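In this note's numbering, the protein residues as written are 951 to 1190. Every residue gets a Cβ at the ideal spot worked out from N, C-alpha and C, and that includes glycine. Since the model is a prediction, treat every value here as computed from it, not as a measurement. Written out below as structure tokens is the structure these notes cover.
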């Protein structure tokens, strides 16, 4: 798998990392469907998650003043019990309807954000607790932990660097939990590890370039990009 599709995988990982650096999320959203065109989920998911976890380490160092730990720590801690509950619900919940409802909410939120760009909410950081808990439930039950946290960040009156910084710090720890689960289930095979190690430099290059682009665009343009990516995420969930 590695020798046959490495260059293609590396290019896809690089492209997703550009979006990851620019918007703070979305790398896996772009990469997973493409990698799945020529591989199975048991190989694709660990490779994508490993690459998009390691490349967040230098990004967090660059954004160390904008990580918003007073919010992301609440989100991270609350995600853990939510993930356990989500895993328990996995056997009883029907994902189809939940994904369509969540997708519709994200699409409407995307349109709302584009139409009313000046609306920001100065709500308490304590709202990070139910947000993180809901994120954990969705992640544990359906493998989709991002939407609540992304919406939380998009509603905050933060500069674009703070939005990206908070999302990078949250997803670094969330992905670390997922990697532990992959290891427990024996998904970190030699092929997965070899491909990930070789593709990580492309992931790092992509996220660093994305961060540079983020710093050069205006706040309004960033918010439009963020809203569009949220809308795409919603559409992806709707048709999932």
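Positions of the alpha helix (DSSP H) runs, each at least 4 residues long and wholly inside the segment 1125 to 1190, are given as 1140 to 1166 and 1169 to 1189 in order along the chain.
If you draw a 10 Å sphere on the C-beta of residue 954, you find fewer than 16 other C-beta atoms in it, and that means exposed. Per the coordinates, the alpha-carbon of residue 1118 lies some 20 Å from the alpha-carbon of residue 1090.
With respect to residue 1025, residue 1099 sits close: the two C-beta atoms are nearer than 8 Å. Using a 10 angstroms sphere on the CB of residue 1146, the tally of other CB atoms reaches 16 or more, which defines it as buried. A distance below 6 Å between beta-carbons, with the five flanking residues on each side excluded, links residue 1102 to the following residues of its chain, in chain order: 1081.
Sequence-distant partners of residue 1158 (beyond 5 residues in either direction) whose C-beta falls short of 8 Å from its own C-beta, in its chain, are 971, 1008, 1009 and 1012. Between residue 1056 and residue 1104, the gap from beta carbon to beta carbon reaches 8 Å or more. For residue 973, the three-state secondary structure derived from DSSP is helix.
Rounded to whole angstroms, the separation of the alpha carbons of residue 1110 and residue 1166 is 11 Å. Excluding residues up to 5 positions away in sequence, 1096, 1100, 1117 and 1121 lie with their Cβ nearer than 7 Å to the Cβ of residue 975 in the same chain.
In the structure shown, residue 1073 adopts coil according to DSSP, grouped into three states. Unbroken alpha helix (DSSP H) stretches of 4 residues or longer found wholly inside the segment 977 to 1046: 977 to 985, 991 to 1004, 1006 to 1012 and 1019 to 1039, given in chain order.
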